[in-house]
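Chains as they are written, first to last, in my numbering: chain A, -16 to 243; chain B, -16 to 243; chain C, -16 to 243; chain D, -16 to 243; chain E, -16 to 243; chain F, -16 to 243. Each residue gets a CB set at the ideal place from its N, CA and C atoms; glycine is no exception.
Number of protein chains: 6
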Amino acid sequence: MSEIKEPYYETVGKEIEIFQVAADLRLPLLLKGPTGSGKSRFLEYMAFRMKRRLITILCNDETSSVDLVGRYLVKGSDTIWQDGPLTHGVREGAIVYLDEVAEARPDTLVAIHSLTDHRRILYIDRKNEEVSAHPDFLLVASFNPGYQRGFKELKPSTRQRFLSMDFPYPSPKVENKILMGETNIDEKISKRLIEYANMVRNKPELGLAETISTRLLVSCAFLIRSGLPPRLAARTSIILPLTDDPDTIASLQDSFNLIL
Amino acid sequence: MSEIKEPYYETVGKEIEIFQVAADLRLPLLLKGPTGSGKSRFLEYMAFRMKRRLITILCNDETSSVDLVGRYLVKGSDTIWQDGPLTHGVREGAIVYLDEVAEARPDTLVAIHSLTDHRRILYIDRKNEEVSAHPDFLLVASFNPGYQRGFKELKPSTRQRFLSMDFPYPSPKVENKILMGETNIDEKISKRLIEYANMVRNKPELGLAETISTRLLVSCAFLIRSGLPPRLAARTSIILPLTDDPDTIASLQDSFNLIL
Amino acid sequence: MSEIKEPYYETVGKEIEIFQVAADLRLPLLLKGPTGSGKSRFLEYMAFRMKRRLITILCNDETSSVDLVGRYLVKGSDTIWQDGPLTHGVREGAIVYLDEVAEARPDTLVAIHSLTDHRRILYIDRKNEEVSAHPDFLLVASFNPGYQRGFKELKPSTRQRFLSMDFPYPSPKVENKILMGETNIDEKISKRLIEYANMVRNKPELGLAETISTRLLVSCAFLIRSGLPPRLAARTSIILPLTDDPDTIASLQDSFNLIL
Amino acid sequence: MSEIKEPYYETVGKEIEIFQVAADLRLPLLLKGPTGSGKSRFLEYMAFRMKRRLITILCNDETSSVDLVGRYLVKGSDTIWQDGPLTHGVREGAIVYLDEVAEARPDTLVAIHSLTDHRRILYIDRKNEEVSAHPDFLLVASFNPGYQRGFKELKPSTRQRFLSMDFPYPSPKVENKILMGETNIDEKISKRLIEYANMVRNKPELGLAETISTRLLVSCAFLIRSGLPPRLAARTSIILPLTDDPDTIASLQDSFNLIL
Amino acid sequence: MSEIKEPYYETVGKEIEIFQVAADLRLPLLLKGPTGSGKSRFLEYMAFRMKRRLITILCNDETSSVDLVGRYLVKGSDTIWQDGPLTHGVREGAIVYLDEVAEARPDTLVAIHSLTDHRRILYIDRKNEEVSAHPDFLLVASFNPGYQRGFKELKPSTRQRFLSMDFPYPSPKVENKILMGETNIDEKISKRLIEYANMVRNKPELGLAETISTRLLVSCAFLIRSGLPPRLAARTSIILPLTDDPDTIASLQDSFNLIL
Amino acid sequence: MSEIKEPYYETVGKEIEIFQVAADLRLPLLLKGPTGSGKSRFLEYMAFRMKRRLITILCNDETSSVDLVGRYLVKGSDTIWQDGPLTHGVREGAIVYLDEVAEARPDTLVAIHSLTDHRRILYIDRKNEEVSAHPDFLLVASFNPGYQRGFKELKPSTRQRFLSMDFPYPSPKVENKILMGETNIDEKISKRLIEYANMVRNKPELGLAETISTRLLVSCAFLIRSGLPPRLAARTSIILPLTDDPDTIASLQDSFNLIL
């Protein structure tokens, strides 16, 4: 659910305008970008701004239509229907966020399709009920195109139903604002951390599955502010979370030691 | 369910005549064509014209005979039978549309076979009941032969039971009519968008899983009409929905910038 | 269930004699042949001639012993047994037809084995009941040896329990009789369609999964008789149902245009 | 269940002595041999001779411990235990025959192991009950080592628990006795059929998954005695049941025509 | 359950001392060795000697935590908990023997882990109950490292929780004592059988999945004492149980004929 | 559950400080290291020190969200909810330890994600209930990066949510303290055992899946103190638990014999 106090969010590009147009036109939206680049935070911010409830559903290999739409539960000798989170959002006009939608089982697309075109209805086949979406209902999904291992993709017939926005890492200036805003870290340290992050981000030869995200920098800044020596903080919050390979660990640690 | 006001539809070829003959002869029909080429819209239009209900079933990996035909539900201490959408259509004489039929599980073909030959009956084995199809019942299915990833095909013994129509993208003239008719976009912009689409459609070397559909052009026109700059509109509604590859994104954006 | 009026059937070879001997000796029979070559029609005809009920079971990847033999159903607080179609046929002396038997799950063979040897019993293990087959009970199965994709085969220990008949496409003379008898098409057109079919059947280099069956010719004749131009009729009822490859479609259409 | 009149059986080697010793020592027995070589018939004969009930369980991919040992069934509001066929046999002292045991799921071996060593007990874990085998209980299994496709094998730790007998096809003299004894066919024809069978059996270059079994010869003799011409009888009962390959069919038919 | 009279057992090495120390230290024990080398017999002997109950669980592909720990059963309108064999053993202080533990499903390890370290508790998650092991409880598992086909291995994190003992075939002298002790066979024949076994055991070039175990020799001795000619006895109890390959069968039979 | 007396623990590096900072910041923590290097023991120690309950969940292939979060159980005619161990820990403020988290099924991550970021809530979808974590709740997971066989990895989007610590084997000095502290073994023997362990740890050419852990040395010391000859103790507690390969066994035994 959406938080009550305004979430901290630094704007990166035209994301607020695009989101607003999509919401006005009631068109579904797909956010593409790497782990920890701020997609979830952006949605929390937009939900707060637009005063709508945000319902997040983290999709995985076993997420099925039933998990989204609802199911019958047996309670004693009664059988009662329980709406799933998507159905809640459709009825109440929430922003429903399908995080990592490509991971979900294919039958979830059934539920989505009729919500993403001019019909805007959710068909609950087990109840033989059609729910017309509340005017405020907005469907948002996320997708990480950089995953090398998974090879999971969205079907073109599904992707073409969504407007798309990409969500790269923020510029150094914006990232510095985020770090200082969230953790109260000293500006000099913040800039060094970002310098380090961008050096690593520009080295694809390191072979990392993903590179240093803003979230990792935030964790590192927290550890330093808690009194952990910077090098141990970086090891704990950045280097070991990124890789298990001893040589890569050594190389990342060396680079860090040169900077901080 | 079919809409009450007449759906907007621009005829492309002989599709209306063929559909009419198939309906008169009560022969099932398979629509072959890419995503967003207007198959669903055509069916909505024909259903409206012929005053029949349209029941759409989006098939997927987990669509089984039970989802189509029906199931027993336990309600308290009673067990009641619930007709599935196919059974509804068979009884009432609707047009039943199995969208992306090749995705469904093989046992759905059992339900289909006896409906597609001279018998025109639906056998509900769990109830040991045979339902003779209403004279107006018509079975339509769709299939996207261009999917490179899926390798899912219909068995010849199933395909041969359907008449087939292909559904390519419309000609520029028809596509222009559709764009302007649906979105009220300025004609000059409409023609430019179509010019762009056809340029991309004729470049198989881009390696796109699917190319620019009419649906994507309609989205783009809506975004432009909502005030988004054309290049950002194209990025949001056409380019990012089609690909994740940075080079292809850049190349598609460059081509667009030259045209609009 | 068997039809009341005599089904139209043109005899092709010795199939009636062989069927009669198998029925007299109570030996099970396997029909081998491609899609649409008339196996089902032949059985309907024989069932009518021999005044026996015909029960057809279309087998698929998920057909299991339970689907054939029967199951317990929970109705309210009672549990009642429901005979499956094979059990019905065994008790009443019907012809039970397992269409595409190689597709069924292996446990269906358990039900079949004891019915196909001198024992002629069906063992219902869930009820611990043995049903001796009615003297008129006859088991027939079909199998399409031409499928290239499926690689599904019957185990030798199962195949050797059936007498086998092959069911090729009929000779031009017989096929002409069938076309005219079923559709009242003009003889000249009928002969041209058959000429076309045999030309295509003799071109394995086209790489079709299956070739033009009698059923497809019958559909085409119907469309022509309904007023569709022959070339569009052939495209709709023969060419597009056989292939999705644009070059093969063009080649098949060209050949047709030369003939009709 | 075993038949009441004495089954026809021609002895081939020392099989009766070995079986008798195994039964006296209460050691389990594995019959190895191709389809239709008379394993089942031999067991029917021995069961008759030793006046024991024969319970046959045809194993397949889905045969599990529950199918052999038993299960709980819900009947109305009661749950009652139903012994499976193995448990029946263990209690009553029957000969239990696991036909094609290598096909069964691995958990069936749990049920078997404690029955095959000095313990001779069946442990029903769902009931937490141990059943000591009746002194007359004998476990027999069959296995076809010639299957090329299946690659299913018994684990050594299971195989070593069984004495083994091989069951090749009978000698011409014995096979002639069987054919004449079962079908009353003319001796000259019987000998020709056997001559044909042995010619085919000695041609591994034909690439047949299995070769002509005694059972197929018996079927052929029945068809000839019913009046079918010998060549059509051989095609129906021997050649088409063995192969789908047109060249092999032609070659097998030619060889037959030379002999009969 | 453990037998009442003392099981026959010939000691091979230091196995009794190691077992006793493991039991005193309450450390779990893994027996490694080929089929039929006497692991189960050793455990029966030790259980008798130490006056503890022996509970044997034969693991397989489908053995899950539920099979070991227990399950809820519905009886009429009540739901009652039934302890599994491992839980029985933990409560009562039995020796629980997981035969072929590597075959079991991975969730069984959950049940095992907390029993194998200093905690010695069994956590029954469905009941939210922790059972502290009885002081006499001892966990023993077996594993056959020679299986070439299975490739199933124990995870290092599981293996390192067990002390290990290997269980090779016994020396000729010990094996002779076993054969004569169990079957009362003539000493000369016993020695010849063992000579034969060791000749075969030293020929890895035969390509046998497993070689001649003591158990097979015991079976052979029983058959000879029952009056079967030695060569037929060896074929039935040793050679055919070991292999299906005709050349290997012939070669094993020839070698035997030279010796006996 | 955490033990009542203080667990024995020798500190290795900065692990206590890091753990304390993570707990203060309420950030989840991932322990990376090989089998038997003391991860579990460290957690027991920290739980004791911080006076929090430790709940350990050993993850495996079949660990699902339901196992962590809870499930409905049918008891007679009632359906009652039972909290899973994670839910217990979240409510009560325990340290919840997901041992070998990479083995768990992907839907477990759903439960974890919202607990690992600023929300710190557990969403129980079946109950439609959100549980805010107790301030003392701390999530810890372990992961063994050295497993060569499994290839199971955590998704980057999950890993980046955890701070990481590595847990190598202790230095000889620390390991000596541990051995003597736990087993009261003679110091000379303790040092020899550690010398042996380090020699083996530095020989990757032995091809061991894992090398000698501190846990194995502790077992060996126990066996020696129970009176088993050192060489047999090493064979039983170190060598046979590490490998099945006869040559490697011989080589490991030879090396040991040189040292002790």
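Would you mind listing the alpha helix (DSSP H) stretches within the segment 68 to 130 of chain D that are 4+ residues and don't spill past its ends, in chain order?
The segment 68 to 130 of chain D contains these whole alpha helix (DSSP H) runs: 68 to 75 and 91 to 99.
Flag D/Glu27 as yes when its Cβ comes closer than 6 Å to any non-hydrogen atom of the ligand ZN, and as no otherwise.
As for the ligand ZN, it is missing from this structure, which has no ligand bound.
Within the same chain, show all residues whose beta-carbon is closer than 6 Å to that of A/Leu92, passing over the 5 residues directly before and after it, in chain order.
Excluding positions up to five away in sequence, the list reads Thr141.
Hey, D/Ala77 and D/Arg35: beta-carbon distance below 7 Å or not?
In contact: D/Ala77 and D/Arg35 (Cβ atoms closer than 7 Å).
Mapping DSSP to helix, strand and coil, what is C/Thr62?
Of the three classes helix, strand and coil, the one that applies to C/Thr62 here is strand, per DSSP.
Going straight from the alpha carbon of E/Ala87 to that of F/Asp50, what length do you get?
The straight-line gap from Cα to Cα measures roughly 19 Å.
I need the DSSP call for B/Ile38, collapsed to helix, strand or coil.
Here B/Ile38 sits in strand by DSSP.
Locate the alpha helix (DSSP H) running through C/Asp149, then write down its first and last residues.
No alpha helix (DSSP H) contains C/Asp149, which is instead part of the beta strand (DSSP E) from Leu146 to Asp149.
Below 9 Å on C-beta distance, what does D/Leu122 contact in chain C?
Result: empty, since nearest Cβ-Cβ is about 19 Å, beyond 9 Å.
Hey, how far is the Cα of E/Ile168 from the Cα of E/Phe205?
Cα to Cα, the separation comes out at about 8 Å.
Check distances from the C-beta atoms of the segment 196 to 211 of chain E to those of chain D and list, in chain order, the residues that come in under 8 Å.
Those residues of the segment 196 to 211 of chain E that come within reach of chain D (Cβ to Cβ, closer than 8 Å) are Ser196, Arg198, Leu199, Ser202, Phe205, Leu206, Ser209, Gly210 and Leu211.
If we count the other Cβ atoms within 10 Å of its Cβ and call it buried at 16 or more, is F/Ile95 buried or exposed?
Buried: at least 16 other Cβ atoms inside 10 Å.
Determine the direct distance from the alpha carbon of E/Ser23 to that of F/Ala116, and round the result to whole angstroms.
Roughly 50 Å between the two C-alpha positions.
Applying the 10 Å Cβ sphere with the 16-neighbour rule, what's the burial state of C/Ile242?
Exposed, since its Cβ has fewer than 16 Cβ neighbours within 10 Å.
Under the DSSP definition of a beta bridge, which residues are partnered with F/Tyr55?
BP columns for F/Tyr55 point to F/Trp64.
For the segment 61 to 76 of chain F, which residues have a beta carbon sitting closer than 9 Å to at least one beta carbon of chain E?
Cβ contacts with chain E: Gln65, Asp66, Gly67, Pro68 and His71.
Can you tell me where the beta strand (DSSP E) holding C/Leu13 begins and where it ends?
Start and end: Leu12 to Lys15.
In chain order, what residues of the same chain have a beta carbon less than 7 Å from the beta carbon of C/Ser220, not counting five sequence neighbours either side?
So the list reads Leu199, Ser202, Cys203 and Leu206, once near-sequence residues are dropped.
Examine the Cβ distances between the segment 230 to 242 of chain C and the segment 169 to 186 of chain C and report whether three or more of them are shorter than 8 Å.
Taking 8 Å as the limit for Cβ pairs, the verdict is that the segment 169 to 186 of chain C does touch the segment 230 to 242 of chain C.
If you draw a straight line from the alpha carbon of E/Arg109 to that of F/Pro68, how long is it in whole angstroms?
The straight-line gap from Cα to Cα measures roughly 11 Å.
Between the segment 81 to 92 of chain B and chain C, which residues of the former have a C-beta closer than 8 Å to a C-beta of the latter?
Result list: Arg88, Pro89, Asp90 and Leu92.
Give every residue of the same chain whose Cβ lies closer than 7 Å to the Cβ of F/Gly72, excluding the five residues on either side of it in the sequence, and list them in chain order.
Closer than 7 Å at Cβ, skipping near neighbours: Ile38, Val79 and Phe120.
For B/Gly133, count neighbouring Cβ atoms within 10 angstroms of its own Cβ and tell me buried if that reaches 16, exposed if not.
At B/Gly133, the pLDDT of 44 sits below 50, so the modelled position is not reliable and the matter cannot be decided from this model.
Secondary structure at E/Ser20, three-state DSSP: helix, strand or coil?
Residue state, collapsed to three classes: coil.
With distances taken Cα to Cα, identify the nearest neighbour of D/Arg9 among D/Met33, D/Arg54, D/Gly53 and D/Asp100.
The option with the nearest alpha carbon to D/Arg9 is D/Asp100.
Could you tell me which chain F residues have their CB closer than 8 Å to the CB of E/Leu10, listed as they occur along the chain?
Result: Ser202 and Phe205.
If you measure from the beta carbon of E/Val4 to each beta carbon in chain F, is any gap under 7 Å?
At least one chain F Cβ lies under 7 Å of E/Val4.
Counting only C-beta atoms, is D/Phe134 closer than 7 Å to chain E at any point?
Per-residue confidence for D/Phe134 stands at a pLDDT of 49, beneath the threshold of 50, marking its modelled position as unreliable; the derived number appears in the next sentence. Output row for D/Phe134: interface = no.
Taking only beta-carbon atoms, is F/Ile1 less than 7 Å away from chain A?
Output row for F/Ile1: interface = yes.
Where does A/Pro(-10) sit, in a helix, a strand or coil, going by DSSP?
If DSSP states are grouped into helix, strand and coil, A/Pro(-10) belongs with coil.
Use the C-beta contact count for D/Glu245: other C-beta atoms within 10 angstroms, 16 or more gives buried, fewer gives exposed.
Outside the shown range of chain D (-16 to 243) lies residue 245 of chain D, about which nothing can therefore be said.
Helix, strand or coil for E/Gln143, going by three-state DSSP, please let me know.
E/Gln143 falls in the coil class under three-state DSSP.
When Cβ atoms are compared, which residues of the segment 24 to 51 of chain D fall closer than 8 Å to chain C?
Residues Thr39, Leu41, Asn43, Asp44, Glu45, Thr46 and Asp50.
Taking the alpha carbon of A/Phe25 as the point to measure from, which residue in A/Thr62, A/Ile222 and A/Val123 has its own alpha carbon closest?
Out of A/Thr62, A/Ile222 and A/Val123, A/Val123 has the C-alpha closest to the C-alpha of A/Phe25.
Distance, Cα to Cα, B/Phe126 vs B/Leu98?
Near 19 Å, if we compare the C-alpha coordinates of B/Leu98 and B/Phe126.
C/Phe150 and C/Gly19 - do their beta-carbons sit closer together than 7 Å?
Contact: no.
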